[in-house]
Amino acid sequence: TFSRAAATEFKKRLLKLIGNAANYIEIKTFHSYCFDLLGKVGSLEKSRVIIKKTIEKIRSREVEVSRITKTVLVIDEAQDMDEDEFDLINALMEQNEEMRVIVVGDDDQNIFEFRGASSKYLEQFIQVNKAVKHELVENYRSKSNLVDFTNQFVKRIHRRLKHTPIIPKQTGNGKIKLVHHQSGNLTAPLVNDILTAEITGTTCVLTNTNEEALQISGLLLKNGIQAKLIQTNDGFSLYNLLEVRFLLSQLNLADDVFIICDDVWDKAKRELINKFRNSNKLEVCANIIKDFEATNPKKRYKSDLVDFIRESRLEDFVHGNGETIFVSTIHKAKGKEFDNVFLMLENFNPTTDESKRQLYVAMTRAKQNLTVHLNSNFLNNLSTENLEK
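Throughout the sequence shown, residue numbering follows the working numbering, covering 678 to 1066 in sequence.
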């Protein structure tokens, strides 16, 4: 898969489905798999070239055959593949002619074209390998009218692999509200809408740009609303967070000891809480520990913990509650879901398929209620139950 957060979620769900057998399934990001194969320690700088180097080593037979011999390969979020990742899959298939490959993706949610991702690789995989295509169209997340509303919109995307409309598994309706403005600067009216709204559950405000997200979070805080900006800390490694380094130092394992025993683990957690009880990053550390324990319920290896931390991002461990309103750009919210979504589309006019997919991703983050503030009319001809214009 493409992120440590996705790999963690995959592992959690497998543990629930098949129990301890999940611990014998290798679940990795593209980059961590390549670093492991080449016996290197991962870093942000090296990750830009590691996949190409791995492909070269596989094809020149410099990688031990047993390391790349697989019976089943599953690719998640395949619409986000770039050329190198697609080439890696092909290299592995060349070495495993009998390997079963399951590629899962939704081309309607490809919003990372700016970094080379393209659903054309998913389409090419299907065509070249004469793959059997299944459409998974059941939606368990959103209320029925939200699914109907986004189904109508997604038809505007010209080039699509899916043809069957999404089917809601929930029968009840949520609330959809379109708030039209005649001018720009939608920040203040959107914040005022939140201040007067009666909302329960998790809430997120989605914007098109980082600057808009920063302005909204600032205005919410100014009005006494507990707000948290979901940020990508590019260039910052979670491994270098003081609290994380302290936790690792408390493990204090000898060089020839690889497994973290329960006593050592529990003591390290207690020392972390005692030393950093006033730190605003203690919650992040608690969530790191919680996710690591959830995906490693039996044995905990120090090397796995270090890899887990190195591959993760700070925003992966910012979890929600009903009191905090999250603010994020659409791109950073991909893969997340919220009971209530407020979407600000200031001077946003989706004329390209890429911008239409971006808007589709934004609207499908909502589980119950969706409010859209906009100063254009491209949503006017959509209709569904419980829609307020």
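For each residue, glycine too, the CB sits at the ideal point set by N, CA and C.
With C-beta atoms as the reference, is residue 758 less than 9 Å away from residue 799?
Against the sequence shown, residue 758 aligns to sequence position 81. Against the sequence shown, residue 799 aligns to sequence position 122. Yes, these two residues count as a Cβ contact at 9 Å.
Do the CB positions of residue 787 and residue 756 come within less than 9 Å of each other?
Counting from one through the sequence shown, the residue named residue 787 turns up at place 110. Counting from one through the sequence shown, the residue named residue 756 turns up at place 79. Pairing residue 787 with residue 756 gives a Cβ-Cβ distance under 9 Å.
Using DSSP bridges, identify the partner residues of residue 1020.
Here residue 1020 refers to the residue found at position 343 of the sequence shown. According to the DSSP secondary-structure assignment, residue 1020 is paired through a beta bridge with 883, 1049.
Pull up the CB-CB distance for residue 893 and residue 868, whole angstroms please, since I reckon it's below 8 Å.
The count along the sequence shown starts at 1 and reaches residue 893 at position 216. The count along the sequence shown starts at 1 and reaches residue 868 at position 191. Contact flag correct, Cβ pair sits at about 6 Å.
So, with DSSP's three-state summary, where would you put residue 904?
For this step, residue 904 is matched to residue 227 along the sequence shown. Strand, per DSSP.
Bounding residues of the beta strand (DSSP E) (the contiguous stretch that carries residue 1006):
One-based indexing of the sequence shown puts residue 1006 at position 329. Residues 1002-1006.
Skipping 5 residues on each side, what residues in its chain have a beta carbon closer than 7 Å to that of residue 733?
Within the sequence shown, the letter at position 56 stands for residue 733. Here the set comprises nothing.
What are the complete alpha helix (DSSP H) segments, minimum 4 residues, inside the segment 747-803?
Every alpha helix (DSSP H) stretch that sits fully inside the segment 747-803 and reaches 4 residues is listed by chain position as 760-772.
Just the Cα atoms here: how many angstroms apart are residue 902 and residue 999?
In the sequence shown, counting from the first residue as 1, residue 902 sits at position 225. In the sequence shown, counting from the first residue as 1, residue 999 sits at position 322. Rounded to the nearest whole angstrom, the CA to CA distance from residue 902 to residue 999 is 12 Å.
Compare the C-beta of residue 777 with all C-beta atoms of chain C and state if any pair is closer than 9 Å.
Absent from the structure is chain C; it holds one protein chain and no more.
Which of helix, strand or coil DSSP assigns to residue 817
Counted from its first residue, the sequence shown places residue 817 at position 140. Coil, per DSSP.
Helix, strand or coil for residue 1043? Go by DSSP, reduced to three states.
Numbered from 1 along the sequence shown, position 366 holds the residue referred to as residue 1043. Strand.
Name the two residues that bound the continuous beta strand (DSSP E) containing residue 854.
Position 177 of the sequence shown, counting from 1, holds the residue named residue 854. Note, residue 854: beta strand (DSSP E), 852-857.
Per-residue burial, residue 684 [other beta carbons within 10 Å of its own, 16 or more giving buried]
Within the sequence shown, residue 684 is the residue found at index 7, counting from 1. When all chains shown are included, residue 684 counts as buried.
Cα-Cα, which of 691, 678, 680 is closest to residue 972?
In the sequence shown, counting from the first residue as 1, residue 972 sits at position 295. The shortest Cα separation from residue 972 among 691, 678, 680 belongs to 691.
Spatial distance of residue 897 from residue 682 (CA atoms):
Taking the sequence shown and counting its residues from 1, the one referred to as residue 897 is at position 220. Taking the sequence shown and counting its residues from 1, the one referred to as residue 682 is at position 5. Rounded to whole angstroms, the separation of the alpha carbons of residue 682 and residue 897 is 28 Å.
If you draw a straight line from the alpha carbon of residue 847 to that of residue 815, how long is it in whole angstroms?
Walking along the sequence shown from the start, residue 847 turns up at place 170. Walking along the sequence shown from the start, residue 815 turns up at place 138. Those two C-alpha atoms are separated by around 10 Å.
Helix, strand or coil for residue 936, going by three-state DSSP, please let me know.
The residue labelled residue 936 in the question sits at position 259 within the sequence shown. It is a strand residue.
State yes or no: is the C-beta of residue 956 within less than 9 Å of the C-beta of residue 920?
Residue mapping note: residue 956 aligns to position 279 of the sequence shown, counting from 1. Residue mapping note: residue 920 aligns to position 243 of the sequence shown, counting from 1. Inclusion of residue 956 and residue 920 in the CB contact set at 9 Å is warranted, their separation being smaller than that value.
Could you name the residues that DSSP lists as bridge partners for residue 978?
Residue 978 sits at position 301 when you count from the first residue of the sequence shown. Residue pairing by DSSP places residue 978 opposite 936 in a beta bridge.
Could you tell me whether the segment 1005-1019 touches the segment 972-990, where touching means 3 or more Cβ pairs closer than 8 Å?
With contact defined as three or more Cβ pairs closer than 8 Å, the segment 1005-1019 and the segment 972-990 are not in contact.
In three-state terms, what does DSSP make of residue 739?
Position 62 of the sequence shown, counted from the first residue, corresponds to residue 739. Residue state, collapsed to three classes: coil.
Skipping 5 residues on each side, what residues in its chain have a beta carbon closer than 8 Å to that of residue 822?
Within the sequence shown, the letter at position 145 stands for residue 822. Once the five neighbours on either side are set aside, the close Cβ partners of residue 822 are 850, 851, 853, 1061, 1062, 1063, 1064.
Rounded separation between residue 864 and residue 764 - CA only
On the sequence shown, residue 864 is found 187 positions in, with the first residue counted as 1. On the sequence shown, residue 764 is found 87 positions in, with the first residue counted as 1. Taking the CA atoms as reference points, residue 864 sits about 43 Å from residue 764.
Residue 742, buried or exposed, once every other Cβ within 10 Å from all chains shown has been counted against 16:
Locating residue 742 in the sequence shown gives position 65, counting from the first residue. Counting Cβ neighbours within 10 Å, residue 742 comes out exposed, since fewer than 16 surround it.
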